[in-house]
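Start counting the sequence shown at -1; every next residue gets the next number (the working numbering). By construction, the Cβ of each residue, glycine as well, lies at the ideal position given by its N, Cα and C atoms. Please read the structure below before turning to the comments.
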Amino acid sequence: MVKFRIFKNIYIVLFSLVQVFLFGQSPTVILTDQQIEKPIRLQKSHWRFHLGDQVEFASPAFSDESWQIISNTNFGKDKYRGAPMPKGWTGIGWFRIKVKKSEANLTDTWGLSINHDGASEVYLDGKKIMNIGKVGYSEKSMQATRQPYLSIPLAITDTTTHLIAIRYCNFNAAFPNFYGFQASLQDFQTMNAKQKADKFVMDQLLMSVAAACILIILHLLIFIFYPKQKINLYYVLFVACVAIGLYSRYQTFVTTSPAQQAFYCKIFMGFVTLHLTFGFLFLYYAAFGKLPIKRTIVMLLASVPIAVYLIINWYDAWNDSKLGWLQNWHQNIFLLVFFTDAVFFLLKAIKNGNKKLWLLLVGMFIFVVMGTVGGSNQLGWFTLQQVMVLFGWGNLLMPLMFSIYLAIDIAATNRNLAVQLVENKKLSEENIEKEQEKIRLISEQADHLEKTVLQRTAQVRDQAEKLQEMDAAKSRFFINLTHEFKTPLTLIINPAKELLQNPDKEMAQQYAKYILKNSERLLQLINQLLDLSRLESGQMKVDYQNIDIVKWLELHVKQFGSLADHHHLELKFETEPQELWVQTDLDKLEKIVQNLVSNAIKFSEKDGSVKVIFQKLNENYVGIKVIDKGIGIKKEKLPYIFDRFYQVDASDSRDREGAGIGLALVKELVELLEGSIEVNSEENMGSTFTVTLPYLSTDKNYEETVTSSLPEIYDNDSRIELIADEKNVQAKETILIAEDNEQLREFIEITLKKNYQVLSTSNGEEGIQIAQDTIPDLVITDLMMPKKNGYELCDTLKNDERTSHIPIVMLTAKTDQDSKIHGIKSGADAYLAKPFDKTELIAIIENLITTRQKLRSKFSQNKGWLNEISELPSIEQSFLSKIKDIINDRIDDVQLSAESLGSEVGLSRTQLHRKLKALINQSPGELLRSIRMQKAHELLERKAGSIAEVGFMVGYGNPANFSTSFAKHFGYPPSVVGKE
């Protein structure tokens, strides 16, 4: 039987050779038992071809003797083609071939595999059995499709000749060298099983891509939470490049779209070159702790241009063996040079103590070996399936080794932290025990001493208290009576003098009224007692001001422009009305907008946007929306964001720092203004904060009351200063009068209002509040007043950094030496007894203001305050030193502004502006620029860096803005500093 099969096969071979010799090629494909295990390739078989398209061409009855005989169906157009195009090929035609079984007992089911970039319909003996894609008569009407893992079953049950006809079209091939098709025949079961096995191998590539993506996400999250560990970033870039290369290679095999196959070939050609570059960047960072600049530049120059070239000329690189050879050698040389260099420094780092780096070294070595020997198969040792397996899983060995390295490093860190925590806990417990014992002993001694003192001095104390109360009551009675006598006397003597000098009838009547009323008052003082126990607990009040809220909001939003630019964000302001005058508390509204906009910028990603929208909702309400496209807030955390001290991210690793009171403050201020606030947010999509406030309309020409803050004026052309009114402060000096006697207060106002801007109040508590809000140039205060007396007012203002520089004139009926000393100690600059002379008061005021102006002028010249401030009071020296220290500590912070500077020292923008103007005749913005420019000049003289680097060191995010500001400040550009 065995001999018979041998002779049979010899016969078939000889028969085929005779046909080839006589006819050039066998017209019929003979299927033998060899096709059970090995497919027969049909592209070079006896195919007949005919242009055009007729249904009869599929029928075995139709004669194809006149058709062209095609030597190879793998035809194309360019130099890489497998065969020339058929004569007259227009894009569509029929191909026919005859097949038969050599023996009846062979399998009855055969498999036909067709690979093409066009569309086809397959017929067996005139019956359509399969279509791949959609056959059409033009490029638009056809649908090109690949089916690399499709086995078409053919029922060949006898030994007669069967006709396979293929209706095929391809008008514009994705690969110019492949317009035709490739076909093969094999036992269906064997072919189908092999294709499934090949598909399984390819799917392993996709599994390796998924594994790589998991590693990418893991280490990207680690980098986000620990940004200082930049090695995770370079690891992510390396693995991402590997994953893209793997996925592109996978798609070149399995995609059903010819166009996508060409696209993924292009991507694969580029990334298969770049993945080594990112791998070596990763190794360099691991070895050096940073990227070596020169090596990085050289490596990028040696790889990136090649990758770009391969992406652009992917088709030639894919098909040209010479270019492939050059690419392999370039990769080998690149690998040899930079891998050797990286390994050298890794070994050096391992020798210096970082023993764990051997994992990276071994991982990269295996990665390189498998990529060179297996992945690229330069030695030709492996099959395609083996190459794909090595390529897919071999590229994950290096990422896996790094993950192990990182796990070991984290485990070691955790162990060290655990040991340290145990030691700290032990020391803490010991210290607590010692401190408790110490407190117990001190407490016992204190109790014993206290009991002894109480027992021995009880009677003496009771007697002393009674005597002190009687003396105090007597003193208060005489002091008050003296005060009430001398105040009317002041309003009698001074108006009388004015009557002698001023002939004006209207003023004479006013002065006469003062004299008459205060004379009557003196008669009534005998039977009157003064009652000054009217102290009440204060609370936050709403001080309404009239503003154009649209213009104010637009300018306030522009203040955040430089901050948004630094974060690479687009900041927009939109409004429906172009002008809207309202009554509102400007200070509180400013804090609301500042918190919301700064939060939106802080929590936005790079290249995002922040939008502020103002709307007039109806006749009763206006709305402000702050919209960002940032990281958003998780749904379960939204109910808590307005709670005090609550933070969305409360971990120790958070990269966006914060205390957690900003939004709580915003909500309280909004509710104080009788408004409401709500938030809509979705994680990773952004947040929208909506503030709704009552609309209190007003006339834009309406005058504000004196209890409201001085209005801030904004310059439309201001682009640098955050507070636009720094250059528009009124020319007149402001004087605050705190006097409970209405007539005396009016008289002093009349006396001063021609030359000064005058504010007034009837009690010391309001006087303190007005002084802190408006920062006047001088304060005149009575000693005896309701709520807060003159001593308390003077002491409060002189010990408050906002008002400590203001000169204070104290008016009082108490002329004894102790009272004068008390007034001077409390900080009064002048002590004027009642009844006082108006001329003397004016002279004192002018002298104090002139002295303050001279001192301010001295320190403003050549920025003298920066070096010598010893002539100033200690509290002013401390204040200026604090300002200077804050600026120097945050001089490289681009977000440091006049507003944040005021927040650092506990002052509002207006308060800080007036304070600095009064001390050194400079606004906060000018002061900040002066110190930055002086520091920049020093750095440039020391050649501490380039102009751009020095700009960054002193808080300028834009080098062009830095150069402009420097030239404007010094009169010459920064480039000339340090040059002879």
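Within the model, the alpha-carbon separation for Met399 versus Leu122 is close to 55 Å.
With respect to Glu572, Ile611 sits close: the two C-beta atoms are nearer than 8 Å. Leaving aside the five residues that flank Met189 on each side, the residues in its chain whose CB is nearer than 7 Å to its CB run, in chain order, Pro37, Gly109, Ser111 and Ser149.
With a beta-carbon spacing of about 22 Å, Lys42 and Ser64 fall beyond the 8 Å limit used to define contacts. Exposed is the label assigned to Gln418, since fewer than 16 other Cβ atoms lie within 10 Å of its Cβ. Under the Cβ criterion (8 Å, minimum of three pairs), the stretch 78 to 86 does not count as touching the stretch 149 to 167. Rounded to whole angstroms, the Cβ separation of Ile545 and Thr488 is 40 Å, and the two are not in contact under 8 Å. Here the alpha carbons of Gly628 and Arg413 stand approximately 36 Å from one another. Residue environment analysis places Phe266 among the buried positions, since at least 16 neighbouring C-beta atoms fall within 10 angstroms of its C-beta. Secondary structure note for Gly109: its beta strand (DSSP E) is the uninterrupted segment Thr107 to His114.
When secondary structure is reduced to three states using DSSP, Tyr245 falls in the helix class.
Our two residues, Ile547 and Leu578, have alpha carbons roughly 6 Å apart in a direct line.
Residues of the same chain with a CB within less than 6 Å of the CB of Asn230, apart from the 5 flanking positions on each side, are His217, Ile220 and Phe221 in chain order. Taking the CA atoms as reference points, Phe278 sits about 48 Å from Lys623. The DSSP assignment places complete beta strand (DSSP E) segments of no fewer than 3 residues inside the stretch 732 to 775 at 732 to 736 and 755 to 759, in order along the chain. For Lys132, the secondary structure class from DSSP, reduced to helix, strand or coil, is strand. Membership of Glu574 in any beta strand (DSSP E) is not indicated, and neither H nor E is assigned to it by DSSP. Here the C-alpha atom of Lys436 lies approximately 50 Å from the C-alpha atom of Arg930.
Apart from the 5 residues on each side of it in sequence, Thr159 sits with its Cβ closer than 7 Å to the Cβ of Thr26, Lys96 and Lys98 in its chain, given in chain order. For Thr88, the number of other beta carbons within 10 angstroms of its own is below 16, and it is reported as exposed.
In this model, Lys288 and Tyr232 are separated by some 11 Å (Cα to Cα). The three-state secondary structure of Ala942, taken from DSSP, is coil.
Contact annotation: Arg165 and Asp62 have beta-carbon atoms that are not nearer than 8 Å. Within the same chain, and ignoring the five residues on either side of Asn678 in sequence, the residues whose Cβ sits closer than 6 Å to its Cβ are Thr686. Closest by C-alpha distance to Glu137, out of Lys126, Ala171 and Asp106, is Ala171. Just so you know, the alpha carbons of Val296 and Leu321 end up roughly 23 Å apart.
Distance between Ala238 and Phe276, taken at the CA atoms: about 9 Å. When the beta-carbon positions are compared, Ile778 and Ile746 come within less than 8 Å of each other. Of the residues Pro493, Asp891 and Val335, the one whose Cα lies closest to the Cα of His564 is Asp891.
Of the residues assessed, Pro493 falls on the buried side of the cut-off, its CB having 16 or more other CB atoms within 10 angstroms.
Taking 8 Å as the cut-off, the beta carbon of Gly74 is found closer than this to the beta carbon of Tyr177. Under the three-state reduction of DSSP output, Asn544 falls in the strand class.
For Thr794, the enclosing alpha helix (DSSP H) covers residues Gly788 to Lys796.
In terms of Cβ geometry, Arg800 and Leu899 do not form a close pair [threshold 8 Å].
Under the Cβ criterion (8 Å, minimum of three pairs), the stretch 782 to 798 counts as touching the stretch 728 to 741. Bridge partners of Thr157 according to DSSP: none are assigned.
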